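S.K.:
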Ligand SMILES: Nc1ncnc2c1ncn2[C@@H]1O[C@H](COP(=O)(O)OP(=O)(O)OP(=O)(O)O)[C@@H](O)[C@H]1O
Ligand SMILES: Nc1ncnc2c1ncn2[C@@H]1O[C@H](COP(=O)(O)OP(=O)(O)O)[C@@H](O)[C@H]1O
Ligand code: SF4
Ligand code: SF4
Ligand SMILES: [Mg+2]
Ligand SMILES: [Mg+2]
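Protein chains in written order, with my numbering: chain A, -18 to 320; chain B, 7 to 341.
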């Protein structure tokens, strides 16, 4: 049994302009202790996916799915009271901006203790000890003294470490980290990632790391899910995704990126055009308007092709049926079975 | 510094006073830029990197005199920028322009894109009437937009398109020098590359000179000729692009470079990271001596008392570090 198994998740929002389809039939899963990176550009549905699983979405949202199984139990079947027990206890979440998720009028100590008391039923002094222990774990100097401080008295990097302390205080089985380092400077990002790495090794929690930074994914994640227009377009191990990307969007992302180790000046190859309009997602490939290999068949719903060892990509180029239509440059591609 | 530089800053300072209490007493200063010197040659791109709050934006604004300097000297084509009167400053703005980080905040939402791009033409009397429209259409095409976009409002554009509008506005007056302040930081990678290529093309075509401010060191390596690294209001290292990336001397530069993850999992497995402890110090109360001594893995006694000067250790390669000085221009081995 996988720790988390999401199948056919669809999340839409009612807006003044019409129905926004933020997540469009997404399926994925992860095992206990695994690190999964979810990458994709702004608006591709990464955060909405996380919030849909946690049932933390705004009122204008409609979420449907076949199943969102966590430890074998279907989350959409849970009552709100049951969900409250799961959130923060079994599944913890940290966000890009720690200031919005920390309560500004409670001390850091109170916030950690509250989580521990609520979920672990710990007594007062036990909760305080746990709070000190957690602050020490996230390397806040002099934790006993910092317990009484308020969030604004901490720097951005420290606040994010406090968030991690709160998130991990109840030993969650799954931590969903949504852009946890995006607002931080690189030297502070390195501290936070190292910390998450150490704590994960220690606690065995699975981590879903949502980010737009492909470097962070390469450093941190075992598996990678690439999202585009609200759906999975490619999935595989970090090595598969970075050394043998199959979907033209993934390929495009990698070649549009300047690299720190770039010795020769290489002209970047941008992806032309704009991200898709979520008010009008096409039935076929959402990337088609920007794709250099677009074929007539691309306007039809795209199956998921299986490249072996877990590597899958959503692109017609690999279909036997598209053989005739493929552009000259892509004739030598293999055709594979779809899932 | 070099002769024939297009832009030159010497011992440039900017302190922002902090007032407190009922009497608004002057209690301290944010020492945003604290004695910075560099020169930018015609046609080159000087990259300016550093973490947030290190003073990059302030340097850019001082050069254009969008902010008054506390003290120091700024030269543009050997003219004394800080001594200019209002008329001279207005003329200067025809030669020096800026592109801002936030493509959402930097365009007036009530003006059409055509009005935004045409405004500098009118202000500087470079065109009037029909000629403005003609020039606006030209500029739109130049930055990869369509002439009909002139009638639209900024909110109808994506981030990348808005940044193109910002570039067109800066180019309207045919400047020689552009401060690009984090021009791609707010953009998605796929769009970032479009704007970077555009800036490169325009530079080649019009022989533009850039000060390219960014915190993304990969982007800076790609676009710069030389690179300066700032830490808490000071330049700690300045060198040719490849020298800086391949052979960084200053411990902070080394740590900064090692902290950037590279999108290559096999390489990442082999890379050793220098993880600094502690936070970035406040520019209100910068550490004594070398500002980096509170986080530097090789700091020694001298570092907390004596400020290291920016010295040239190889032709064109400057660093401000006592360790490097005492080791004959060698960089410490930190990993
Ligand atoms: N409450 C809401 N009402 C309407 N639309 C929404 C709402 N929340 C999110 N959306 C839309 O859903 C889409 C997906 O949003 P999401 O936040 O998941 O993007 P993301 O991939 O996390 O992007 P980013 O990288 O910018 O964080 C976007 O178009 C967003 O504007
Ligand atoms: N108008 C201002 N008033 C007071 N402090 C300022 C002002 N502008 C910038 N600062 C401060 O100066 C320092 C350097 O800022 P800035 O040049 O914007 O840094 P960077 O661009 O490197 O992030 C920061 O501490 C910032 O808060
Ligand atoms: S399905 Fe077609 S349009 Fe989509 S990525 Fe593949 S080739 Fe391009
Ligand atoms: S001067 Fe001293 S503290 Fe500063 S960088 Fe060099 S060795 Fe480190
Ligand atoms: Mg998001
Ligand atoms: Mg800035």
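Idealized CB from N, CA, C, for every residue including glycine.
The structure displayed is predicted, hence computed values, not measured ones.
Which residues in chain B have a C-beta closer than 8 Å to the C-beta of residue 250/A? List them in chain order.
M.R.: Numbered from its first residue, the first chain carries residue 250/A at position 269. Near residue 250/A (Cβ distances below 8 Å), the residues of chain B are 199.
S.K.: By the 10 Å Cβ neighbour count, where 16 or more other Cβ atoms means buried, how is residue 332/B classified, buried or exposed?
M.R.: Translated into positions along the second chain, residue 332/B becomes position 326. The residue in question, residue 332/B, is exposed, as its Cβ has fewer than 16 Cβ neighbours within 10 Å.
S.K.: In terms of alpha-carbon separation, which member of 107/A, 37/A, 194/A and 158/A lies closest to residue 231/A?
M.R.: As a first step, residue 231/A must be located in the first chain, where it is residue number 250. Among 107/A, 37/A, 194/A and 158/A, the Cα nearest to that of residue 231/A belongs to 194/A.
S.K.: Just by C-beta distance, which residues in the region 37 to 61 of chain B are closer than 7 Å to chain A?
M.R.: Cβ contacts with chain A come from 57 and 58.
S.K.: Anyone know if the C-beta pair for residue 344/B and residue 107/B falls short of 8 Å?
M.R.: The requested residue 344/B does not occur in the structure, where chain B is confined to residues 7 to 341.
S.K.: For residue 125/B, decide whether its Cβ has a neighbour in chain A, counting only Cβ atoms nearer than 8 Å.
M.R.: Start at 1 with the first residue of the second chain, and residue 125/B comes out as number 119. No, no contact with chain A.
S.K.: Across which residues does DSSP place residue 77/B in a beta bridge pair?
M.R.: On the second chain, residue 77/B is found 71 positions in, with the first residue counted as 1. Answer by DSSP bridge pairing, in chain order: 19/B.
S.K.: State the beta-bridge partners of residue 58/B as determined by DSSP.
M.R.: On the second chain, position 52 is the one that residue 58/B refers to. According to DSSP, which records beta bridges pairwise, residue 58/B is partnered with nothing at all.
S.K.: Within 7 Å: the Cβ of residue 160/A and any heavy atom of ligand 5?
M.R.: Translated into positions along the first chain, residue 160/A becomes position 179. Residue 160/A: yes, Cβ under 7 Å from ligand 5.
S.K.: Provide the residue span of the alpha helix (DSSP H) that contains residue 265/B, from first to last.
M.R.: Your numbering for residue 265/B matches position 259 in the second chain. Here the alpha helix (DSSP H) through residue 265/B covers 257 to 265.
S.K.: Beta carbon of residue 22/B, beta carbon of residue 38/B: below 8 Å?
M.R.: Within the second chain, numbered from 1, the residue matching residue 22/B stands at position 16. Within the second chain, numbered from 1, the residue matching residue 38/B stands at position 32. Cβ distance < 8 Å, so residue 22/B and residue 38/B count as in contact.
S.K.: Whole angstroms is fine: what's the gap from residue -15/A's alpha carbon to residue 16/A's?
M.R.: Translated into the one-based positions of the first chain, residue -15/A becomes position 4. Translated into the one-based positions of the first chain, residue 16/A becomes position 35. So the alpha carbons of these two residues sit roughly 12 Å apart.
S.K.: Among 168/A, 320/A and 158/A, which has the Cα closest to the Cα of residue 177/A?
M.R.: The residue you call residue 177/A lines up with position 196 of the first chain. Selected option, being the one with the closest Cα: 158/A.
S.K.: What residue range is occupied by the uninterrupted beta strand (DSSP E) comprising residue 103/B?
M.R.: Mapped onto the second chain, residue 103/B falls at position 97. Segment 102 to 105, the beta strand (DSSP E) holding residue 103/B.
S.K.: Is the beta carbon of residue 88/A closer than 8 Å to that of residue 32/A?
M.R.: In the first chain, residue 32/A corresponds to position 51, counting from 1. In the first chain, residue 88/A corresponds to position 107, counting from 1. Cβ atoms of residue 32/A and residue 88/A: not closer than 8 Å.
S.K.: Using a C-beta to C-beta distance shorter than 8 Å, which residues of chain B count as neighbours of residue 172/A?
M.R.: To locate residue 172/A, count along the first chain from 1; it is residue 191. Chain B residues near residue 172/A: 281, 282 and 283.
S.K.: For residue 25/B, count neighbouring C-beta atoms within 10 Å of its own C-beta (all shown protein chains included) and say buried if the count is 16 or more, exposed if not.
M.R.: If you number the second chain from 1, residue 25/B lands on position 19. So residue 25/B ends up on the exposed side.
S.K.: Just to check, is the beta-carbon of residue 268/A closer than 7 Å to a non-hydrogen atom of ligand 7?
M.R.: As for ligand 7, it is missing from this structure, which binds only ligand 1, ligand 2, ligand 3, ligand 4, ligand 5 and ligand 6.
S.K.: Which residue wins for smallest C-alpha separation from residue 115/B, given the options 255/B, 243/B and 162/B?
M.R.: By 1-based counting over the second chain, the position of residue 115/B is 109. The option with the nearest alpha carbon to residue 115/B is 162/B.
S.K.: By Cβ distance below 7 Å, which residues in the same chain neighbour residue -11/A in space, the five residues on each side in sequence not counted?
M.R.: The count along the first chain starts at 1 and reaches residue -11/A at position 8. Once the five neighbours on either side are set aside, the close Cβ partners of residue -11/A are 6, 8, 46 and 47.
S.K.: Identify every run of the alpha helix (DSSP H) within the region 121 to 154 of chain A, keeping only runs that are complete inside it and at least 4 residues long; order them along the chain.
M.R.: Correct list: 124 to 127 and 137 to 149.
S.K.: I need the straight-line Cα distance from residue 74/A to residue 143/B, nearest angstrom please.
M.R.: To locate residue 74/A, count along the first chain from 1; it is residue 93. To locate residue 143/B, count along the second chain from 1; it is residue 137. Those two C-alpha atoms are separated by around 48 Å.
S.K.: Please report the Cβ distance between residue 237/B and residue 306/B, rounded to the nearest whole angstrom; I am assuming they are in contact, meaning their Cβ atoms lie under 8 Å.
M.R.: Residue 237/B sits at position 231 when you count from the first residue of the second chain. Residue 306/B sits at position 300 when you count from the first residue of the second chain. Actually they do not touch by this definition, with Cβ atoms about 18 Å apart.
S.K.: DSSP state of residue 176/B, grouped into three classes?
M.R.: Position 170 of the second chain, counted from the start, is the residue given in the question as residue 176/B. Helix, per DSSP.
S.K.: Which of the three DSSP states is assigned to residue -17/A in this structure?
M.R.: As a working mapping, residue -17/A is identified with position 2 in the first chain. Here residue -17/A sits in coil by DSSP.
S.K.: Whose beta carbon lies closer than 7 Å to any heavy atom of ligand 6, going through the chain in order?
M.R.: Any residue whose Cβ sits closer than 7 Å to a heavy atom of ligand 6 makes the list: 58/B, 62/B, 63/B, 107/B, 187/B, 188/B and 219/B.
S.K.: Rounded to a whole number of angstroms, what is the C-alpha to C-alpha distance between residue 315/B and residue 202/A?
M.R.: As a first step, residue 315/B is located in the second chain; it is residue number 309 there, counting from the start. As a first step, residue 202/A is located in the first chain; it is residue number 221 there, counting from the start. Their backbone Cα atoms lie some 42 Å apart in a straight line.
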